[in-house]
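Residue numbers (UniProt numbering), protein chains in the order written: chain A, 1 to 277; chain B, 1 to 290.
See structure below.
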């Protein structure tokens, strides 16, 4: 972990501020203020925070779907302005194309992207590889409405991976799933991400969640965000050994880390809950 | 009283619980059930038709004038005659070929304009007021003016039908394009796909269910308007035939042609509905996923 800080970051957010201006009243709302964050090659970074703290806004800006009002947003030394195939996104609601089968959804990127689309045979190989990887074998020709929530999740994940991005951005990908499926998919995610591989061979992941347990279980580092306006409170390093297994959740270190994060955001979580009622 | 009620309550669930187990061996298979359901539907259909025909027959007896209201039997005979001497086919062919030309044109131009309006705010702002102004005017209202400009011939009914079909297609295409889930467009954008590919592979299929609804509405409206135009503005076709036999006071044949118009309109809608199911199976099955 010490070596991390000396590397040049893969993605660099410098003093990012996002302001929304209401179209009719002209009223300005500060969504996030002065967020600075470095994401390193091969690292699994989780961003946690209470709802409405601007987690998804940050992810959308890295994806190139939104632009910061102020601040610097750089990947590999080049500013991020638009979406690109090198940054894959898994959306919370999966956003699968309902008129395409599992196979066609997964091959969408490799087939239609502007930067180096693949031939039919190459696509076939890649699609088969990722279908196997996410255990969707046998469901290739089903349509999204025929799949369970967990299978849709896997399909969305495979669609992002099959485009072979350098960075994978995940926006609360397990939020809509039941608790058991979520636990299984978390372990799957770490396996597919390549816990066993050396860091240089892993993909860089930015993972948004409001589950503290989920963040500690998955991440190398956890960025804890706070409300009004959204900003990063602390970045915690999770020094738990990999590969991680289910049993890790019961250990004292795990509990200690999770509790430390909870203490950081509980005050605001309570406030947000009480305000709303 | 209380004891009796208790008895009743405890005995009943036991009875219902025992029933399915006892009845299972005799339960009909799903294939049997499907046949019976189909037969039942046919029976209900025939029953409604029978009631309608009886009322019609009694009505014609009561009127007592075969020119004002012929009996269903006379009308059926007229229909058979029209088929036997092949006269009906000429008129059906004339009407259907006009339908083909005008509906094809309405689809091509309506979908193109609808896409342009749905994708581009400026075009929408420019064209929408005109569409909204013309849309409530029935195609039939243009027939007199159309006779001035186009005369009696192929052009008038074709143009009137095009007019009737065009607006539902345009409006539903606009709705379809504007209602595309922006999340799907974003999903395609983050995969590094070009704007052209997004239009072709995301917006087009996402809008297709609405476009097909517009096509069905347009076909129905156009069919009605075209028959009206043929009444006075064409030398052939189903509407022309109705007017022809009316002048000859051959009411059974008038009704036979009316029946054919209804039948063809119905078949056209069934055809388009089948197309809907073929082209957009996801839209029929998963309502929540669009």
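By construction, the Cβ of each residue, glycine as well, lies at the ideal position given by its N, Cα and C atoms.
Keep in mind it's a predicted model, so treat the numbers as computed, not measured.
Please tell me whether residue i and residue j are closer than 7 angstroms, where the distance is taken between their beta carbons.
i: residue 228/B; j: residue 140/B; result: yes
i: residue 114/B; j: residue 174/B; result: yes
i: residue 215/A; j: residue 48/A; result: yes
i: residue 225/B; j: residue 161/B; result: yes
i: residue 45/A; j: residue 221/A; result: yes
i: residue 171/A; j: residue 59/A; result: yes
i: residue 157/B; j: residue 98/B; result: yes
i: residue 238/B; j: residue 91/B; result: yes
i: residue 80/A; j: residue 39/A; result: no
i: residue 13/A; j: residue 73/A; result: yes
i: residue 173/A; j: residue 90/A; result: yes
i: residue 265/A; j: residue 110/A; result: no
i: residue 249/B; j: residue 67/B; result: yes
i: residue 118/B; j: residue 33/B; result: no
i: residue 54/A; j: residue 32/A; result: yes
i: residue 223/A; j: residue 212/A; result: no
i: residue 141/A; j: residue 101/A; result: yes
i: residue 35/A; j: residue 261/A; result: no
i: residue 193/A; j: residue 282/B; result: no
i: residue 96/A; j: residue 144/A; result: yes
i: residue 103/B; j: residue 159/B; result: no
i: residue 267/B; j: residue 219/B; result: no
i: residue 191/B; j: residue 113/A; result: yes
Could you pull out every residue in the same chain whose Cβ sits closer than 7 angstroms to the Cβ of residue i, ignoring the five residues on either side in sequence?
i: residue 130/A; result: 106, 158, 161 and 162
i: residue 193/B; result: none
i: residue 111/B; result: 169, 173 and 211
i: residue 56/A; result: 171 and 208
i: residue 280/B; result: 208, 209 and 212
i: residue 8/A; result: none
Taking C-beta pairs closer than 7 angstroms, name the residues in chain A that residue i reaches, listed in chain order.
i: residue 197/B; result: 112
i: residue 205/B; result: 99
i: residue 183/B; result: 91, 93 and 95
For residue i, return the contacting residues in chain B, with the cut-off set at a CB-CB distance below 7 angstroms.
i: residue 89/A; result: 190
Can you tell me which of the options puts its alpha carbon nearest to the alpha carbon of residue i?
i: residue 209/B; options: 74/B, 119/B, 241/B and 278/B; result: 278/B
i: residue 17/A; options: 68/A, 9/A, 40/A and 11/A; result: 68/A
i: residue 258/B; options: 241/B, 247/B and 267/B; result: 241/B
i: residue 94/A; options: 53/A, 151/A and 138/A; result: 151/A
i: residue 96/B; options: 232/B, 222/B and 273/B; result: 222/B
i: residue 197/A; options: 43/A, 146/A, 262/A and 82/A; result: 43/A
i: residue 92/A; options: 130/B, 186/B and 80/B; result: 186/B
i: residue 185/A; options: 274/A, 34/A and 246/A; result: 246/A
i: residue 52/A; options: 210/A, 256/A and 248/A; result: 210/A
i: residue 84/A; options: 100/A, 146/A, 66/A and 99/A; result: 66/A
i: residue 133/B; options: 167/B, 123/B and 121/B; result: 167/B
i: residue 188/A; options: 139/A, 244/A and 227/A; result: 244/A
i: residue 176/B; options: 189/B, 206/B, 190/B and 191/B; result: 206/B
Using a Cβ cut-off of 9 angstroms, pull out every chain A residue sitting near residue i, in sequence order please.
i: residue 186/B; result: 60, 63, 65, 83, 89, 91 and 95
i: residue 194/B; result: 112, 113 and 114
Output needed for residue i: all residues of its chain with C-beta closer than 6 angstroms, excluding positions within five of it in sequence on either side, in chain order.
i: residue 165/A; result: 86, 87 and 88
i: residue 147/B; result: 233
i: residue 251/B; result: 67 and 70
i: residue 115/A; result: 85
i: residue 276/B; result: 212
i: residue 70/A; result: 17
Whose Cβ in chain A lies nearer than 8 angstroms to the Cβ of residue i?
i: residue 202/B; result: 97
CB-CB under 8 angstroms to residue i, same chain, minus the five flanking residues each way: which ones, in chain order?
i: residue 22/B; result: Model confidence at residue 22/B stands at a pLDDT of 45, short of 50, so the residue's coordinates are unreliable and nothing is read from them.
i: residue 245/B; result: 251, 253, 254 and 257
i: residue 248/A; result: 217, 240 and 254
i: residue 25/A; result: none
What residues of chain B sit near residue i, judged by a beta carbon separation below 8 angstroms?
i: residue 163/A; result: 191 and 192
The stretch 143-155 of chain A in contact with the stretch 101-121 of chain A per 3-pair CB rule at 8 angstroms: yes
For the pair the stretch 175-194 of chain B and the stretch 152-163 of chain B, tell me if three or more CB-CB distances fall below 8 angstroms. no
In the stretch 102-132 of chain A, which residues sit with their C-beta less than 8 angstroms from some C-beta in chain C, listed in chain order? Absence of chain C from the displayed structure is noted, the protein chains being A and B.
Say whether the stretch 101-118 of chain B touches the stretch 213-220 of chain B, bearing in mind that this needs 3 or more beta-carbon pairs closer than 8 angstroms, one atom from each stretch. yes
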